[in-house]
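Undergrad: Quick one: the structure is below, questions incoming.
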Amino acid sequence: MSQIKLRGIHKRYGDCISNADVNLDVRKGTIQGILGENGAGKSTAMKILYGLIEPDGGEIWIDGVERKLKSPHDAKALGIGMLHQHFMLSEAQNVIENIVLGQEPTHPALAFLPLALRALKLGDARSRLDMLMREHGLPVDLDARISDLSVGARQRVEILRLLYIDARILILDEPTAVLTPQEVGRFFIQLRALADQGKTILIVTHKLKELMAITDSITIFRAGKTITTVDTKDTDADQLAMLMIGSRLETVKNRHDVTRSAELALEIEELELNKTAPRRCTLNLRRGEILGIAGVEGNGQHELVEALRHPSEFLKHHKVKVLKFMDQDVRHWKTAQMVETGLGCIPADRHEEGLLLARNAVQNFILGHQNQNSFRAGPFIRWSAVRRATEEGMASCAVVPKKLDLELSRFSGGNQQKLIFAREIHHRPKLLIAFHPTRGVDIGAINLIHKKLLELRAEGLAILLISSELDEILALSDRIAVLENFAIAKTFDGGACDETALGLAMTGAQEGGQHGL
Amino acid sequence: MDSVLDIILSSIRMATPLWFAAMGGLLAERSGVVNLALEGLMLIGAFTGAAVAYNMGSPVIGFIAAGAAGALLAILFGFFTLTLKGDQVVIGMGINLLSAGLTPFLNKYFFHVTSSTPSLSIDQRFVYGPTLFAFGLIVSVSFWLRRSVSGLWVRVAGEHPTALASAGIRVKRVRWAAVIFSGVFAGFGGATMSTMLASAFSRQMTAGAGFMAIAALILGRWAPLPTALGCFLFGLTDSIQIRLQGQLTGADSAWLLQLIQLGPYIVTLFVLAGAIRSSSTPKALGEN
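Chains A and B are the protein sequences, given in the same order. Here the first sequence stands for residues 1 to 517, numbered as in my numbering. Here the second sequence stands for residues 1001 to 1288, numbered as in my numbering.
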């Protein structure tokens, strides 16, 4: 019998249907994968199961009884716990305070008071957590501040919390997004052990390889519906990809058949990305080359991009020996000069830095390029030229719907990203920084962006590809540099490198680092 | 030696209203609500404290009434910021303006003058009661914040409210409670001014004390004991200023007098100028 049963769940926001018809059966003690593209409705379905969102209709059965889940409180009472994609940990508090939150142990002598007024008695929780940590192999320092913990340790805290509240059903939303390949391996061993002890685990992801490695069965979401559920042992990644997008996709891959020019587009020597880091960053990039920067987030990626986009600003507080762009010393250059000389940038967070969501496509297309001569007539903007450029850009990158006056918030994530991409390559840059170029976009858009990146490289564009998706880096890069603790730890040839080697280089300092438990 | 002790004792007296207000501000801000309304909350407390103490003949009743008045105004602040999700800074300033207008109006209504309430006799005033109470309050807040269940909730509400919500606790309720108590304490602070430091409420008598309490909060990095110490610093500047005033009497020193009176405000300015957003700032401060 299924422990979890969803029948005909549907949910809509205005005229946007998020869940059309979701049916799900999960057996106790199994690991079931939830697979789907961004926007396929898998997150919504999981939030419904955790009581964060109330469905418009449909049935939820837990342990053979139909339930109404109005809040996470109801879900927790039934033993459902959720590990969110973005950690739900308060950084200024310590580990144990975060774990007991919502289930605080108190002095029995104060039981006559309302819960809020009672004094905490963390000793009880401590002994129980010590036991859980030993039992499940999840070591964490209970008195450490969350802000001092590595990402892997934070994840262990989250899992420990689920165990502490005695969750029997664990919903994990993209749990591996922030882990190195080695951490993922350890994490999966722990998950399997939990399932063997009778916990039911739902794991949401878009990473096919991981699903194949860890799950017993996989449910595929497409356009708000559950398409089918397959047994993991009877399927393979190709079939899953096809089920997920509904058609077959050719894979884009760098065939390493383009001869790179010898001309350097970018030359960095001894760039200080962080004052406290022991080493500095040195790298160069030739025209017609894709240099992939791999690394765990927070190892200097943001600083590197800042240094290239705003050299004069960044170098006020950081040292550098050489910083050359197209053979010119750019140490004192401002952002506008960099852009005019041919720097394009796809920022890491398109909503934060790339777009104005409340503005239309044309207005967004001029952002950052307002000084381009073709867009200007003296002090005035030539909107007709901008419109024409926007139209061309949307056509070349297949942005849909092709409506110039539509507010950006009405485009899907993938189309927003394609518009940024179109904008940044429109003025034929010499160097393109692609910082998480395909984060949170659908497979179709990923494919298009990858294909375009390879085309542009063949035309002589230098591309700095910074991504946390190792697959992406491996598929596209001519060379791969591993950024670790604010310096390049190792450089590989794109054709002669695999995920394991990258992963090892990425964890270099973490093994010996102070919080790399 | 005598005068050093005198200055310290008088600094403690001057710091007392700030202690109340700063603890109130601490409660609200640690829960994630920017409370710039402290000034207005103190002012309504100052009026209510003096008016009720005069009418009932008891400073204690006046003091309690001041807390209740602060709570009422804080509920109005909470309604606009928490229920209607308005901008906390703008609404805080609005509450200050409201209080600045409301107190003379109430004064006119009850006592037929706008300038000040009738003078309190010696048995209608406090000698040092509120100061002892403030000491107790600082210690309790410090202990409560670290060691109690609701203290933990308040801290997380100000740092990572979604984490609190996902643990099944209603963030809004936690913030409501923090805001209301913030009003109560600020009201106490106001009453301390009008029934202990002075013997009547006078128009605009808080004169920026609410903002000094906020400055002390920033100086003390939102922790109770350092914040209390910050308040003491302002009390010290104030009592030195008063002492210097007493020693300057000549007509040519009028400008110097005025300059000296600026002392506490200049200190506030420097404290705030030096305060950058640090790691101890509650992360969710000011978010809705």
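Backbone N, C-alpha and C define an ideal beta-carbon position, used for all residues, glycine too.
By the 10 Å Cβ neighbour count, where 16 or more other Cβ atoms means buried, how is E455 of chain A classified, buried or exposed?
TA: Residue numbering aside, residue 455 of chain A sits at position 455 when the first sequence is read from its first letter. Burial call: exposed.
Undergrad: Taking 9 Å as the cut-off, decide whether the C-beta atoms of G1210 of chain B and E1029 of chain B are in contact.
TA: Numbered from 1 along the second sequence, position 210 holds the residue referred to as residue 1210 of chain B. Numbered from 1 along the second sequence, position 29 holds the residue referred to as residue 1029 of chain B. No. Outside cutoff.
Undergrad: Strictly below 9 Å CB to CB, what residues from chain A border I964 of chain B?
TA: Because residue 964 of chain B is not part of the residues shown, which for chain B are 1001 to 1288, the question remains open.
Undergrad: Comparing alpha-carbon positions, which option in A:H318, A:I220, A:E289 lies nearest D25 of chain A?
TA: Taking the first sequence and counting its residues from 1, the one referred to as residue 25 of chain A is at position 25. Ranking the options by Cα distance to D25 of chain A, first place goes to A:I220.
Undergrad: Spell out whether any CB of chain B is found under 9 Å from the CB atom of T106 of chain A.
TA: Sequence index remark: in the first sequence, residue 106 of chain A carries index 106 (1-based). It does; some Cβ of chain B falls within 9 Å.
Undergrad: Along the region 1001-1034 of chain B, where does the CB come closer than 8 Å to a CB of chain A? Name the residues.
TA: Listed by position along the chain: nothing, the set is empty.
Undergrad: So for R154 of chain A, helix, strand or coil by DSSP?
TA: Within the first sequence, the letter at position 154 stands for residue 154 of chain A. Reduced to three states, the DSSP call for R154 of chain A is helix.
Undergrad: Buried or exposed: which applies to Q3 of chain A, given that a residue is buried once 16 or more other Cβ atoms fall within 10 Å of its Cβ?
TA: The count along the first sequence starts at 1 and reaches residue 3 of chain A at position 3. Counting Cβ neighbours within 10 Å, Q3 of chain A comes out buried, since at least 16 surround it.
Undergrad: Considering only C-alpha positions, which residue in the set A:L474, A:R359, A:N274 is nearest to E484 of chain A?
TA: If you number the first sequence from 1, residue 484 of chain A lands on position 484. Taking only the C-alpha atoms, the option nearest E484 of chain A is A:N274.
Undergrad: Just reading off the alpha helix (DSSP H) that C1231 of chain B is part of, what are its end residues?
TA: Here residue 1231 of chain B is taken as the residue at index 231 of the second sequence, counted from 1. Where C1231 of chain B is concerned, the enclosing alpha helix (DSSP H) stretches over 1224-1247.
Undergrad: Taking 9 Å as the cut-off, decide whether the C-beta atoms of L170 of chain A and L35 of chain A are in contact.
TA: On the first sequence, residue 170 of chain A is found 170 positions in, with the first residue counted as 1. On the first sequence, residue 35 of chain A is found 35 positions in, with the first residue counted as 1. Taking 9 Å as the Cβ cut-off, L170 of chain A and L35 of chain A do not qualify as a contacting pair.
Undergrad: So what does H10 of chain A bridge to, in DSSP terms?
TA: In the first sequence, the residue the question calls residue 10 of chain A occupies position 10. In DSSP, H10 of chain A forms a bridge with A:G57.
Undergrad: Would you check if there are 3 or more beta carbon pairs closer than 8 Å linking the region 297-314 of chain A to the region 189-200 of chain A?
TA: With the cut-off at 8 Å, the region 297-314 of chain A and the region 189-200 of chain A do not touch.
Undergrad: Is F1232 of chain B buried or exposed, if buried means 16 or more other CB atoms sit within 10 Å of its CB?
TA: In the second sequence, counting from the first residue as 1, residue 1232 of chain B sits at position 232. By the 10 Å Cβ count, F1232 of chain B comes out buried.
Undergrad: Return the residues of the region 1225-1252 of chain B that lie within a Cβ-Cβ distance of less than 8 Å from chain A, sorted by chain order.
TA: Of all residues in the region 1225-1252 of chain B, none has a Cβ within less than 8 Å of some Cβ in chain A.
Undergrad: Of the choices B:Q1204, B:F1234, B:L1269, whose alpha-carbon is the least far from that of N1096 of chain B?
TA: As a first step, residue 1096 of chain B must be located in the second sequence, where it is residue number 96. Ranking the options by Cα distance to N1096 of chain B, first place goes to B:Q1204.
Undergrad: Could you give the residue range of the beta strand (DSSP E) that holds G292 of chain A?
TA: Locating residue 292 of chain A in the first sequence gives position 292, where the first residue counts as 1. First-last of the beta strand (DSSP E) with G292 of chain A: 290-294.
Undergrad: State the DSSP-derived secondary structure class of P1282 of chain B, mapped to helix, strand or coil.
TA: For the purposes of this step, residue 1282 of chain B is taken as residue 282 along the second sequence, with counting starting at 1. In this structure, P1282 of chain B counts as coil in the three-state DSSP scheme.
Undergrad: Got a sec? Which residues, its chain only, sit under 8 Å from W1176 of chain B by beta carbon, not counting five neighbours each side?
TA: Looking up residue 1176 of chain B in the second sequence gives position 176. For W1176 of chain B, where only same-chain residues beyond five positions count, the Cβ hits under 8 Å are G1078, L1082.
Undergrad: Can you pull the chain A residues whose beta carbon is under 8 Å from the beta carbon of I1180 of chain B, in chain order?
TA: Counting from one through the second sequence, the residue named residue 1180 of chain B turns up at place 180. Within 8 Å Cβ-Cβ: nothing; I1180 of chain B doesn't reach chain A, min ~13 Å.
Undergrad: Starting from R134 of chain A, follow the alpha helix (DSSP H) in both directions and report where the run begins and ends.
TA: Numbered from its first residue, the first sequence carries residue 134 of chain A at position 134. From DSSP, the alpha helix (DSSP H) with R134 of chain A extends over 122-136.
Undergrad: Would you check whether the ligand ATP has a heavy atom nearer than 8 Å to the C-beta of L211 of chain A?
TA: Among the ligands in the structure shown, none appear at all, so the ligand ATP cannot be discussed.
Undergrad: Any idea which residues DSSP pairs A377 of chain A with across the strands?
TA: By 1-based counting over the first sequence, the position of residue 377 of chain A is 377. A:F380.
Undergrad: Got a sec? Which residues, its chain only, sit under 6 Å from K321 of chain A by beta carbon, not counting five neighbours each side?
TA: Position 321 of the first sequence holds residue 321 of chain A. These residues qualify, in order along the chain: E269, E270.
Undergrad: Would you verify that the beta carbon of S1140 of chain B is, or is not, closer than 9 Å to some beta carbon of chain A?
TA: If you number the second sequence from 1, residue 1140 of chain B lands on position 140. False, the Cβ-Cβ gap to chain A never drops below 9 Å.
Undergrad: Between which two residues does the beta strand (DSSP E) harbouring F1063 of chain B extend?
TA: Indexing the second sequence from 1 puts residue 1063 of chain B at position 63. Careful: F1063 of chain B lies outside any beta strand (DSSP E), inside the alpha helix (DSSP H) at 1059-1078.
Undergrad: On the criterion of 16 or more Cβ atoms from any shown chain inside 10 Å, does K316 of chain A qualify as buried, or is it exposed?
TA: On the first sequence, residue 316 of chain A is found 316 positions in, with the first residue counted as 1. That one is exposed.
Undergrad: What's the C-alpha gap between W1222 of chain B and L1026 of chain B?
TA: The count along the second sequence starts at 1 and reaches residue 1222 of chain B at position 222. The count along the second sequence starts at 1 and reaches residue 1026 of chain B at position 26. Distance between the alpha carbons of W1222 of chain B and L1026 of chain B: 6 Å.
Undergrad: Answer yes or no: does any C-beta atom of chain B fall closer than 9 Å to that of H515 of chain A?
TA: Within the first sequence, numbered from 1, the residue matching residue 515 of chain A stands at position 515. In this predicted model, H515 of chain A has a pLDDT of only 37, less than 50, meaning its place in the structure is not dependable; the value taken from the coordinates is given anyway. False, the Cβ-Cβ gap to chain B never drops below 9 Å.
Undergrad: Please compile the residues from chain B whose C-beta is within a distance smaller than 7 Å of the C-beta of G102 of chain A.
TA: Locating residue 102 of chain A in the first sequence gives position 102, where the first residue counts as 1. A1167, G1168, I1169, listed in chain order.
Undergrad: M82 of chain A lies in the beta strand (DSSP E); which residues open and close that run?
TA: Within the first sequence, numbered from 1, the residue matching residue 82 of chain A stands at position 82. Looking at the DSSP string, the run of the beta strand (DSSP E) that includes M82 of chain A is 80-83.
Undergrad: Under 8 Å, with one C-beta from each stretch per pair, do the region 286-299 of chain A and the region 476-490 of chain A reach the 3-pair mark?
TA: Output reads yes: the region 476-490 of chain A touches the region 286-299 of chain A.
Undergrad: Considering only DSSP beta bridges, list what N94 of chain A is partnered with.
TA: Position 94 of the first sequence, counted from the first residue, corresponds to residue 94 of chain A. According to DSSP, N94 of chain A bridges with A:R145.
Undergrad: Of all Cβ atoms in chain B, is any one closer than 9 Å to the Cβ of H302 of chain A?
TA: Here residue 302 of chain A is taken as the residue at index 302 of the first sequence, counted from 1. Chain B contact via Cβ: absent.
Undergrad: What's the call for R350 of chain A, buried or exposed, on a 16-neighbour Cβ count within 10 Å?
TA: On the first sequence, residue 350 of chain A is found 350 positions in, with the first residue counted as 1. Counting Cβ neighbours within 10 Å, R350 of chain A comes out buried, since at least 16 surround it.
Undergrad: Alpha carbon to alpha carbon, how far is V1179 of chain B from I80 of chain A?
TA: Residue mapping note: residue 1179 of chain B aligns to position 179 of the second sequence, counting from 1. Residue mapping note: residue 80 of chain A aligns to position 80 of the first sequence, counting from 1. Roughly 33 Å separates the two Cα atoms.
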